[in-house]
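If you use full-length UniProt numbering, the sequence shown corresponds to residues 1 to 84, in order. Each residue gets a CB set at the ideal place from its N, CA and C atoms; glycine is no exception. What follows is a set of notes on a single structure, which appears directly below.
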Amino acid sequence: MLKDEWKNEHELQQQLDRFDVPIPEKLATYKKNRWDRFITYLGAPAKDPFEQISSTSFGYTALRIVPLACAVILALVQLFSVAM
Numbered sequence: 001m002l003k004d005e006w007k008n009e010h011e012l013q014q015q016l017d018r019f020d021v022p023i024p025e026k027l028a029t030y031k032k033n034r035w036d037r038f039i040t041y042l043g044a045p046a047k048d049p050f051e052q053i054s055s056t057s058f059g060y061t062a063l064r065i066v067p068l069a070c071a072v073i074l075a076l077v078q079l080f081s082v083a084m
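Encoded structure:
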């Protein structure tokens, strides 16, 4: 079964329909154990939470500068708290 994103590719669908791959009955009823599911979970690709921000040049620059600015501010706060 193709994923939904490939459903509109008619030429690809025709090429794949040419092949008939039999699935053994044993594999069709195979249930993964807990370890196999865990390994599959670890190997699954993760979505980038900063993709919307880093797709623009301003967002990319901000992602590089904001942590540096926060580190400088924290260092100044620590410096002033020790001096008092």
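For residue i and residue j, which I take to be in contact (beta-carbon distance under 8 Å), what is that distance rounded to the nearest angstrom?
i: I65; j: G59; result: Not a contact, Cβ separation roughly 11 Å.
Taking 8 Å as the cut-off, decide whether the C-beta atoms of residue i and residue j are in contact.
i: L68; j: F50; result: no
Subject >> alpha helix (DSSP H) runs contained entirely in the segment 8-61, provided each spans 4 or more residues >> reply: Positions of the alpha helix (DSSP H) runs, each at least 4 residues long and wholly inside the segment 8-61, are given as 10-17, 25-28, 34-43 and 51-54 in order along the chain.
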